[in-house]
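Q:
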Amino acid sequence: MLITVVVPTLNRSEIVRSCLNDLENFWDKITEVILINQSEDFPIVDYSIRRKILVREIALSTPSASMARNIGLLESKSDIVIFIDDDVRIKNIAFIENHLRHYKDPQVPGVYGQVLEVGQSPTECPDPTEIETDWGWMRLPANYGRPCRTRNGGSGNLSVRRDWALAVGGMDAWFERGARREETEFNLRLTARYGPLVFDPEASLVHLSAGGGSRSWGRVVRTVPMHHIVGHWYFWLAAFRDGTLGRRGLLMELRHIGVALLRNPKTGWNVPA
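Here the sequence shown is numbered in this note's numbering, starting from 1 and rising by one per residue.
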C-alpha cells in the first residue's frame with residue numbers, strides 16, 4: 001500500500017523545500033508528492049535535481065486551504081492521501097508506515113497523527129474516554145500521547161481514504177482562506193458516514209509554526225482574526241444543518257465562537273484563551 005502526500009504551500013519556498021527533503025526518506029512508500037503552490041513564485045521546486053520521489057507542483061492563483069487539499073485529492077494516484085503542512089519536519093522514520101498500518105482495517109476512514117510544536121512534549125491528558133464522544137474531539141490536543149478514536153484531526157497531519165473523502169464531497173471550499181474549522185467540518189461528514197478516525201501518537205511530526213503562510217492572514221496567538229470567526233459560524237451552521245454534531249457539541253462550539261469574538265482585534269479585548 002502506497003500513499004500520496006499533499007502539501008499546500010503559501011510563500012514559504014525555503015521551508016517547504018526542507019519538508020520535501022524529509023519526504024525523500026520515504027521514497028519506497030510514497031507514490032508522489034503533490035505540492036499545491038499558492039505563492040506568487042511558480043515553480044518553487046528545482047526540477048533539475050534528481051529526486052527519489054515524484055513531486056508534482058500545481059499552481060493555485062487564489063489562496064484557499066480547502067481548495068488546495070481538494071485539488072490534491074482529485075489529482076492523487078493513490079488510494080490513501082495524507083495532508084501535511086509546509087512548515088513541518090519529519091524525522092520519525094516510521095511516520096508513513098504508522099499511517100498506513102491502520103488501513104489494513106477496511107473500516108478505518110482516516111488517521112490523525114500527533115503534531116508536536118518545537119520543543120514540546122506529549123501529554124497524557126485527558127483520558128481517551130473523554131475524547132471518544134460526540135463533542136470530545138474538542139478536547140483532543142495535537143500533542144496527545146495516547147492512541148484513541150476521534151471525529152476530528154488537523155490537516156497538518158491527516159490521512160484519509162481518497163474515495164471515501166471524495167464520496168462525502170471533499171473539503172468545503174466556501175470556507176474563507178484557511179478559516180477555522182474547515183478540516184473539522186470535513187472530518188465530521190467523513191466520520192458520520194464511515195466511523196471515527198484513528199489518532200496515532202506514533203505517526204508524529206514536528207510543526208515549526210513558521211512565519212508567513214496562512215499566518216499572514218492574521219496573528220492567532222492571542223487574537224482571532226475575523227475570517228476565523230466567520231469560519232466558526234459557517235461550521236456551526238453546517239453542523240446544525242447536516243446533523244453532524246449533537247446538542248452538546250453545538251453548545252460547546254457556540255462557547256468557542258463567544259471566546260473568539262472577545263479575542264477579535266476589532267473588539268479591543270485581546271483576552272487569553
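Virtual Cβ for every residue (Gly too), placed ideally from N, Cα, C. Fair warning: this is a prediction, and the values are worked out from it, not measured in the lab.
Would Y47 be called buried (16 or more neighbouring beta carbons within 10 Å of its own) or exposed?
A: Residue 47 sits at position 47 when you count from the first residue of the sequence shown. Answer is exposed; the Cβ neighbour count stays below 16.
Q: Would you kindly work out how many angstroms separate the C-alpha atoms of V221 and H228, rounded to a whole number?
A: Walking along the sequence shown from the start, residue 221 turns up at place 221. Walking along the sequence shown from the start, residue 228 turns up at place 228. Any reading at V221 must be qualified, since the residue scores a pLDDT of 49, below 50, and its modelled position is unreliable; the value itself is stated next. Cα-Cα distance, rounded: 13 Å.
Q: Three or more beta-carbon pairs under 8 Å between the region 102 to 122 and the region 67 to 77, yes or no?
A: Contact between the region 102 to 122 and the region 67 to 77 is absent, because fewer than three Cβ pairs lie under 8 Å.
Q: My output table needs one value for N92: the three-state DSSP class, helix, strand or coil.
A: Here residue 92 is taken as the residue at index 92 of the sequence shown, counted from 1. Reduced to three states, the DSSP call for N92 is coil.
Q: First and last residue of the alpha helix (DSSP H) that includes F42?
A: Walking along the sequence shown from the start, residue 42 turns up at place 42. No alpha helix (DSSP H) holds F42; DSSP gives it neither H nor E.
Q: Please state whether DSSP places F199 in a helix, a strand or coil.
A: As a first step, residue 199 must be located in the sequence shown, where it is residue number 199. Note: F199 maps to strand in three-state DSSP.
Q: State the Cα-Cα distance for the pair M252 and L262, rounded to the nearest angstrom.
A: What you label residue 252 is simply residue 252 of the sequence shown in a count that begins at 1. What you label residue 262 is simply residue 262 of the sequence shown in a count that begins at 1. M252 and L262: Cα-Cα distance of roughly 16 Å.
Q: Run the CB neighbour count on E24, radius 10 Å, all protein chains shown included, and call it buried at 16 or more, exposed below.
A: Numbered from its first residue, the sequence shown carries residue 24 at position 24. Under this definition E24 is an exposed residue.
Q: Just checking, does the region 37 to 51 make contact with the region 113 to 127 on the three C-beta pairs under 8 Å criterion?
A: Short answer: they don't touch.
Q: If we call anything under 8 Å between Cβ atoms a contact, is L190 one with P109?
A: As a first step, residue 190 is located in the sequence shown; it is residue number 190 there, counting from the start. As a first step, residue 109 is located in the sequence shown; it is residue number 109 there, counting from the start. Cβ distance < 8 Å, so L190 and P109 count as in contact.
Q: F26: buried (16+ other C-beta within 10 angstroms of its C-beta) or exposed?
A: By 1-based counting over the sequence shown, the position of residue 26 is 26. Buried.
Q: How about the region 229 to 240 and the region 162 to 181: do they share at least three Cβ pairs that are nearer than 8 Å?
A: The region 229 to 240 vs the region 162 to 181: in contact.
Q: Take D283 as the anchor and find which of K29, A59 and E40 has the nearest alpha-carbon.
A: Outside the shown range of the chain, which is 1 to 273, sits residue 283, and nothing can be said about it.
Q: Could you give the distance in angstroms between the alpha-carbon of R215 and the alpha-carbon of S209?
A: Locating residue 215 in the sequence shown gives position 215, counting from the first residue. Locating residue 209 in the sequence shown gives position 209, counting from the first residue. Below a pLDDT of 50, predicted positions are generally treated as unreliable, and R215, at 47, falls in that range; no measurement from the model is reported.
Q: Does the region 85 to 96 come close enough to the region 196 to 210 to have 3 or more Cβ pairs within less than 8 Å?
A: Yes: at least three Cβ pairs fall under 8 Å.
Q: Taking the Cβ atom as the reference point for each residue, do V16 and I36 lie within a distance shorter than 8 Å?
A: Taking the sequence shown and counting its residues from 1, the one referred to as residue 16 is at position 16. Taking the sequence shown and counting its residues from 1, the one referred to as residue 36 is at position 36. Contact: no.
Q: Specify the secondary structure class of C148 as computed by DSSP and reduced to three states.
A: Position 148 of the sequence shown, counted from the start, is the residue given in the question as residue 148. C148: strand per DSSP, three-state reduction.
Q: Which two residues bound the contiguous alpha helix (DSSP H) that contains V259?
A: Here the question's residue 259 lines up with position 259 in the sequence shown. Unbroken alpha helix (DSSP H) run through V259: R247 to L262.
Q: So is E124 buried or exposed if we call it buried at 16+ other beta carbons inside 10 Å?
A: Start at 1 with the first residue of the sequence shown, and residue 124 comes out as number 124. Exposed.
Q: Give the straight-line distance between the Cα atoms of D200 and L60, rounded to the nearest whole angstrom.
A: As a first step, residue 200 must be located in the sequence shown, where it is residue number 200. As a first step, residue 60 must be located in the sequence shown, where it is residue number 60. Cα-Cα distance, rounded: 31 Å.
Q: Grouping DSSP H, G and I as helix and E and B as strand, with all else coil, what is N21?
A: Here residue 21 refers to the residue found at position 21 of the sequence shown. Helix.
Q: Can you grab the Cα-Cα spacing for the pair E358 / R139, in whole Å?
A: With the chain represented from 1 up to 273, any question about residue 358 goes unanswered, as that position is not in the structure.
Q: Could you name the residues of the same chain whose beta carbon sits closer than 7 Å to that of R146, not counting the 5 residues immediately before and after it, in chain order?
A: Here residue 146 is taken as the residue at index 146 of the sequence shown, counted from 1. Closer than 7 Å at Cβ, skipping near neighbours: E124, P128 and P201.
Q: How big is the Cα-Cα spacing for I34 and E57?
A: As a position in the sequence shown, residue 34 is number 34, starting the count at 1. As a position in the sequence shown, residue 57 is number 57, starting the count at 1. Their backbone Cα atoms lie some 6 Å apart in a straight line.
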